[in-house]
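The structure appears right after this line, and notes come after that.
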Amino acid sequence: MSGLKKPARTAGADYEDSLMRDGLSNPLPWPIYKAIQALVWLLEYLLRRLTPPPIRMMKESWRGYDSAALGTIAHCGVADELRNGPLSAGQIAHNLGLRKDDLYTMLRLLVNNGIFEALPGKPTLFRNNAMSATLREGHPTRMRYWCTVSQYWRCMYEQDTMQQYLRTADPDAASELTLLERSLGKPFWKHLQDTPGLDAAFAAAMSDQSNGLHGGLAVLADYDWSSYSRMIDFGGGPGTVLEAVLRAHPQMQGVLFDQPQVVKETADLWQAKNDSRSLMSRVAFVEGNFFKPGTLPRGKDGDLYHLRHICHDWSDDAAVNLLQSLRRAIGPARAMLVLTEMVITNEFGGRSTDRMAAAYDVMMRFLFHGKERSLEAWRALLDQGGFHLLRLREIRNSFSCIIELPQPCYGLGKGRPALNTLQHASNSQQLIQPTQLLLL
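The structure is reproduced here in structure tokens:
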């Protein structure tokens, strides 16, 4: 048996493997990145200006079909079915138990949107491209599960329900059920806990969101993590960022803090992965509740507390309570707090980042009790929570960071900026667009 040769790899399989790469975590140099951003904005502007308004309006109204087709194809695992090379819609349908003609129709729609490819000269054969490859399991910047969570915001397409909510909802009533919660009949987080398997699926979607929303691990290149001895990752989920930071900085220890079930699953996941098991001795897996200070890890000198898209889930009152809990946990330690969040602006430039920030604000308000915030709103929120905004950093791949310091501040060295100084720490020296915050 040892003399048997392994089957030769096909060119199609080699091509598919070439797509399984991280295109975000090693960002382009700042000048090139800025030039590309400007070019993209110009092309988007020209497209809007040169397309007749009725045609544009028709295209905008079709976006729901695009999202529905993408979510369905992602859920069915079509991208993984193409891992060994091109297949026809009929072959894919046979292998996955799908309707051939309807599958072909959806693939044609997605190909026209730049997702998947039809082979040149063979329009009935499909293969992955760089976009659709992110729907595959094992892709370093996987987006499959994020594309399947459209089930949560389908209530926004029910016009009668949304109109009624818009006319009657009190946005200041924190106890009121959101549009999504009205559809579910209960608070969203309780729905996750009550539905078997849904919590894990949602966690996978949030992990995918980190890839698309935060630029993969590009944040590692645009922030100096080496100044800290311990990173406490709040709501860290599968620990993607924590793992990457610890690998890059062997002197650091880590704490992953989350809900009990998430912590258990993450610890088991790390233990099962050979490349993560070696880090286990440097990581404490701690379960608790953001709003219960007694469950939070206590601050030590040199700590970095990291929250990634946590505050936007909550109303102002709840977010202030969360921040105050953190402030009490940090205590007098010489520690930093880092929040990765969006900063929404009042500019209406039509850039993709503007649209994304505005869309997220709609989603958070209608589906959850949260919202995206402007720089001024963040400053006020952080002041109430016991922190003072120090610095705003832009992260390549269209995201920014707010960096803040605990208040009162301890251990400020010579040359450190005053607390009432807001610095834009990027090559551009300015906040260019509504983007991401990293609060430290």
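Each step along the sequence shown adds one to the number in UniProt numbering, with nothing skipped, and position 163 is 163.
C-beta atoms are modelled at their ideal positions from N, C-alpha and C, and glycine is treated no differently.
Close beta carbons around residue i, own chain, < 7 angstroms, minus the five adjacent residues each side
i    : result
T72  : M106
F291 : N321, L322, S325
E181 : P187, F188
H75  : T148
M131 : G114, I115
D316 : L381
T178 : F366, L367, F368, H369
M252 : Y228, S229, R230, M231, V245, L246
Q384 : V320
Y145 : A201, A204, A205, D208
R277 : W270, Q271
N289 : T295
Spatial neighbours of residue i in its chain, beta-carbon cut-off 8 angstroms, leaving aside the 5 residues before and after
i    : result
T266 : G236, G237, P238, G239, L256, D258, F285
D199 : L192, Q193, Q261, V262
M20  : A133, R136, G138, H139, P140
F348 : D354
T161 : C155, L179, R182, S183
K122 : P86
Residues bridged to residue i [DSSP beta-bridge criterion]
i    : result
V283 : G254
L125 : S88
Y45  : Paired residues: none, contrary to the question.
H94  : In DSSP, H94 forms no bridge with anything.
I115 : Partner(s): none; I115 has no beta bridge.
H191 : Answer is none; H191 lacks a bridge partner.
M336 : L304
Reduced DSSP category for residue i - H, G, I as helix; E, B as strand; rest coil
i           : result
residue 485 : Residue 485 lies beyond the residue range present for the chain, which begins at 1 and ends at 440; the question has no answer from this structure.
R416        : Per-residue confidence for R416 stands at a pLDDT of 36, beneath the threshold of 50, marking its modelled position as unreliable; the derived number appears in the next sentence. Looking at R416 - three-state DSSP - the assignment turns out to be coil, as it is neither helix nor strand.
I432        : Note on I432: pLDDT 27, under 50, position unreliable in the model; the coordinate value appears next. DSSP places I432 in coil when its eight states are reduced to three.
D313        : helix
L381        : helix
E341        : strand
M20         : coil
M143        : coil
F290        : coil
L217        : coil
H249        : coil
A267        : helix
H369        : coil
Y305        : strand
F234        : strand
R393        : strand
G138        : coil
E60         : helix
T148        : helix
D224        : coil
N321        : helix
R328        : helix
R99         : coil
Q259        : coil
N346        : coil
K34         : helix
S67         : helix
L110        : helix
Residues of its chain near residue i, where Cβ-Cβ distance is below 6 angstroms and the 5 sequence neighbours each way are ignored
i    : result
L279 : L246
G302 : Y228, S229
R136 : A79, D80
V362 : none
S88  : T124, L125
L119 : P86, L125
L287 : Per the sequence shown, the amino acid found at residue 287 is Glu instead of Leu. Closer than 6 angstroms at the Cβ level, and outside the excluded window around E287, lie P260, V263.
Beta-carbon spacing of residue i, residue j below 9 angstroms
i           : j    : result
R127        : G12  : yes
R308        : G386 : no
Y65         : L109 : yes
T345        : A357 : yes
V219        : V241 : yes
D275        : G254 : no
E376        : M342 : no
R396        : W30  : yes
residue 443 : L46  : Residue 443 lies beyond the range of the chain shown here (1 to 440); nothing can be said about it.
W378        : L304 : no
G294        : G331 : no
E16         : L82  : yes
P297        : A329 : yes
S61         : L217 : no
N95         : T10  : no
Exercise for the section: Kindly confirm or deny that the stretch 328-337 and the stretch 353-373 touch, where touching means at least three C-beta pairs closer than 8 angstroms. Expected result: Result no; under three Cβ-Cβ pairs closer than 8 angstroms.
Exercise for the section: Would you check if the stretch 193-208 and the stretch 137-152 touch, i.e. whether three or more CB-CB distances between them fall below 8 angstroms? Expected result: At 8 angstroms Cβ cutoff, the stretches touch.
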